[in-house]
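Asker: If you scroll down you'll find the structure; I have some questions about it.
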Amino acid sequence: FSVFSVVVYLKNRMISRQFQNLFQWSKTTAHILQLYSLILKTALDRDQYLVSQFILSACSVSIELARSIFDSSPVTQSLFAWNTIIKGYSGSSTPIESVKLFYQLQRVGLKPDKFTYPFVLKACGRCSVLQVGGTVHSVILKTGFDWDRYIRNTLLTMYAACNAIGIARQVFDEMTARDVVSWSSMIAGYVTWMVRIYTIKPTMEHYGCMVDMFGRAGMIEEAYQVIRNMPMVPNSVILRSFMSACKNHGHILCLDENLRKLLLEMEPDLGANYVLAATVSSLSGCWNDADDLRIAMKDKGLKKVPGCSWVKVNGSSTEDIVEEA
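Using full-length UniProt numbering, you'd call the opening residue of the sequence shown number 1 and step up by one each time.
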């Protein structure tokens, strides 16, 4: 019996890994539903980690579909599953659902962890519900998670988004260690304050700095929201900055296909744009698009000119060349 149990266990482990490989390529509702039916047929719907990973993949396709899978799956005692669906809603068009799920999570007897709070705080900031955000902050203090720098950064961002720049600065000043996200979030808060209080109209350069700053800090969704909310069409510098950030931080799914096309339309004769677009297409699994871009680049006779800089030392100039693969 023990040998049989081991065989069944190993078989399920192999199937589970195969499913996880398929999740990342499931980009339509039909694919998600087909995979879920297979999970049910193989009796793996009780594998909490597998189903949670599946819900995470479903969130990128349809948050409503992900929610229906969450509600119908026997994983309601898995904090990972709760965090996954809360995260999905925090970046959706209905972020308030993250807050509702946060309270529901506690009603079923689960305790939030350090991964739960940032998603809820992000939702509070997007909804501008300062009172709810303050309540979540109180829970964080009571549960002893206020030491976590990532939570502190999210608190700062939430208060700034809720127009409570004074409290945001207090959170910033009380941080014993700050990283690039801390500084970027505080600067972004003051930029928002600049617009709301002093009615200074941001220029293309302002937006470019914000996108570049968020991109370097790995805050890809925030950078994308800046681009989406721009009152003017972003220029090629902003588009390249955002695409490079998506590539460097592995957030390929966040990249809008329309932005990629817009960049190529703006500068159709710049080889670097084709290389960047082809690289991003390859990383996202769109091999045909990547091949088409490389063929188009070759047909036009375009080449990627390597970046270079000159440094003058003791009267002689030294040229440094950086070429992206």
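Beta carbons are placed, not taken as given, at the ideal position from N, Cα and C, and that holds for glycine.
As the structure is a computational prediction, the values presented were derived from the model and not from experiment.
Could you tell me the distance, in whole angstroms, from the CA atom of R216 to the CA atom of A43?
Answerer: The sequence position of residue 216 within the sequence shown is 216, counting from 1. The sequence position of residue 43 within the sequence shown is 43, counting from 1. Rounded to whole angstroms, R216 to A43 spans 43 Å at the Cα level.
Asker: Please report the Cβ distance between Y103 and E97, rounded to the nearest whole angstrom; I am assuming they are in contact, meaning their Cβ atoms lie under 8 Å.
Answerer: Counting from 1 along the sequence shown, the entry for residue 103 is found at position 103. Counting from 1 along the sequence shown, the entry for residue 97 is found at position 97. Between E97 and Y103 the Cβ distance is about 11 Å, and since that is not below 8 Å, they are no contact.
Asker: Using the beta-carbon count (16 or more within 10 Å), is A30 buried or exposed?
Answerer: Start at 1 with the first residue of the sequence shown, and residue 30 comes out as number 30. Classification for A30: exposed.
Asker: Looking at the secondary structure, which residues open and close the alpha helix (DSSP H) in which E267 lies?
Answerer: Within the sequence shown, numbered from 1, the residue matching residue 267 stands at position 267. It is not in any alpha helix (DSSP H) - E267 carries neither H nor E in the DSSP assignment.
Asker: So, for T79: in the same chain, excluding its five sequence neighbours on each side, which residues have a beta-carbon less than 7 Å away from its beta-carbon?
Answerer: Here residue 79 is taken as the residue at index 79 of the sequence shown, counted from 1. Per the sequence presented here, residue 79 reads as Leu, with Thr not at that position. Only L110, D113 meet the Cβ criterion.
Asker: In its own chain, which residues sit with a C-beta less than 7 Å from the C-beta of residue 346, not counting the 5 before and 5 after it?
Answerer: Here the chain covers residues 1 to 325 and nothing more, so residue 346 does not appear.
Asker: So, do the region 240 to 250 and the region 276 to 287 have three or more beta carbon pairs nearer to each other than 8 Å?
Answerer: Contact between the region 240 to 250 and the region 276 to 287 is present, because at least three Cβ pairs lie under 8 Å.
Asker: Using beta-carbon positions only, say whether I85 and A66 come within less than 8 Å of one another.
Answerer: Locating residue 85 in the sequence shown gives position 85, where the first residue counts as 1. Locating residue 66 in the sequence shown gives position 66, where the first residue counts as 1. Cβ distance < 8 Å, so I85 and A66 count as in contact.
Asker: Indicate the three-state DSSP secondary structure (helix, strand or coil) for K87 in the structure shown.
Answerer: Taking the first residue of the sequence shown as 1, we reach residue 87 at position 87. Three-state DSSP puts K87 in a helix.
Asker: With DSSP run on the structure shown, which of helix, strand or coil describes F145?
Answerer: Position 145 of the sequence shown, counted from the start, is the residue given in the question as residue 145. Coil at F145, not helix or strand.
Asker: Among the candidates M204, L264, C209, whose CA atom is the shortest distance from the CA of I187?
Answerer: Here residue 187 is taken as the residue at index 187 of the sequence shown, counted from 1. Per the Cα distances, C209.
Asker: Check for me: the alpha helix (DSSP H) holding K298 runs from which residue to which?
Answerer: Indexing the sequence shown from 1 puts residue 298 at position 298. Its alpha helix (DSSP H) spans residues 287 to 299.
Asker: Consult DSSP for S236 and reduce its assignment to one of helix, strand or coil.
Answerer: To locate residue 236, count along the sequence shown from 1; it is residue 236. Three-state result, S236: helix.
Asker: At the level of alpha carbons, what is the spacing between L155 and K100?
Answerer: Translated into positions along the sequence shown, residue 155 becomes position 155. Translated into positions along the sequence shown, residue 100 becomes position 100. So the alpha carbons of these two residues sit roughly 18 Å apart.
Asker: Pick helix, strand or coil for C162, following the three-state DSSP scheme.
Answerer: Numbered from its first residue, the sequence shown carries residue 162 at position 162. Correct three-state label for C162: coil.
Asker: Can you grab the Cα-Cα spacing for the pair D292 / Y274, in whole Å?
Answerer: Mapped onto the sequence shown, residue 292 falls at position 292. Mapped onto the sequence shown, residue 274 falls at position 274. Looking at the two C-alpha atoms, the distance is approximately 10 Å.
Asker: At the level of alpha carbons, what is the spacing between S62 and L259?
Answerer: Counted from its first residue, the sequence shown places residue 62 at position 62. Counted from its first residue, the sequence shown places residue 259 at position 259. Distance between the alpha carbons of S62 and L259 is about 21 Å.
Asker: Assuming L130 and A168 make a contact with CB atoms under 8 Å, what is their CB distance in whole Å?
Answerer: Locating residue 130 in the sequence shown gives position 130, where the first residue counts as 1. Locating residue 168 in the sequence shown gives position 168, where the first residue counts as 1. L130 to A168, Cβ: 11 Å. No contact.
Asker: Kindly list the residues whose CB is nearer than 8 Å to the CB of I151, restricted to its own chain and excluding five residues on each side of it in sequence; keep chain order.
Answerer: Numbered from 1 along the sequence shown, position 151 holds the residue referred to as residue 151. Once the five neighbours on either side are set aside, the close Cβ partners of I151 are K114, Y117, P118, L121, I140, F145.
Asker: Cβ atoms of R149 and D179: under 8 Å apart, would you say?
Answerer: As a working mapping, residue 179 is identified with position 179 in the sequence shown. As a working mapping, residue 149 is identified with position 149 in the sequence shown. Yes, the Cβ-Cβ distance between D179 and R149 is below 8 Å.
Asker: Quick one, are the C-beta atoms of E257 and S236 less than 8 Å apart?
Answerer: Position 257 of the sequence shown, counted from the start, is the residue given in the question as residue 257. Position 236 of the sequence shown, counted from the start, is the residue given in the question as residue 236. Contact flag unset, no.
Asker: Contact defined as beta carbons within less than 8 Å: I believe C184 pairs with M213. What is the distance between those atoms, to the nearest angstrom?
Answerer: As a first step, residue 184 must be located in the sequence shown, where it is residue number 184. As a first step, residue 213 must be located in the sequence shown, where it is residue number 213. Before going on, a small fix: residue 184 reads as Ser here, not Cys. At roughly 5 Å, the Cβ-Cβ gap stays under 8 Å, so S184 and M213 are in contact.
Asker: Identify which residue in A272, W193, T176, K142 has its Cα closest to the Cα of G166.
Answerer: On the sequence shown, position 166 is the one that residue 166 refers to. Of A272, W193, T176, K142, the residue nearest in Cα terms is W193.
Asker: I think I227 touches V211, with their Cβ atoms under 8 Å apart; what is that distance to the nearest whole Å?
Answerer: Numbered from 1 along the sequence shown, position 227 holds the residue referred to as residue 227. Numbered from 1 along the sequence shown, position 211 holds the residue referred to as residue 211. Here I227 really is in contact with V211; their C-beta atoms are around 6 Å apart, less than 8 Å.
Asker: What would DSSP say about residue 326, mapped onto helix, strand or coil?
Answerer: Not covered by the structure: residue 326. The range shown for the chain is 1 to 325.
Asker: Within its chain, find whatever has a CB closer than 6 Å to the CB of C59; leave out the 5 residues flanking it on each side and keep chain order.
Answerer: Here residue 59 refers to the residue found at position 59 when the sequence shown is read from its first residue. Correct list, in chain order: A66, G88.
Asker: Output needed for N153: all residues of its chain with C-beta closer than 7 Å, excluding positions within five of it in sequence on either side, in chain order.
Answerer: The residue given as residue 153 occupies position 153 in the sequence shown. Taken in chain order, the residues that qualify are V181, S182, S185.
Asker: Name the residue from G271, V233, M232, I220 whose alpha carbon lies nearest to the alpha carbon of G250.
Answerer: Reading the sequence shown from its first residue, position 250 is the one you call residue 250. Scanning G271, V233, M232, I220 for the CA closest to the CA of G250 turns up I220.
Asker: Between the Cα of T176 and those of W147, C124, S57, L40, spot the shortest distance and give me the residue it belongs to.
Answerer: Along the sequence shown, read from residue 1 onward, the residue named residue 176 stands at position 176. Restricting attention to W147, C124, S57, L40, the CA atom closest to the CA of T176 is found in W147.
Asker: Between the Cα of D299 and the Cα atoms of W287, G271, G285, I32, which residue gives the shortest distance?
Answerer: To locate residue 299, count along the sequence shown from 1; it is residue 299. Considering only alpha carbons, the answer is G271.
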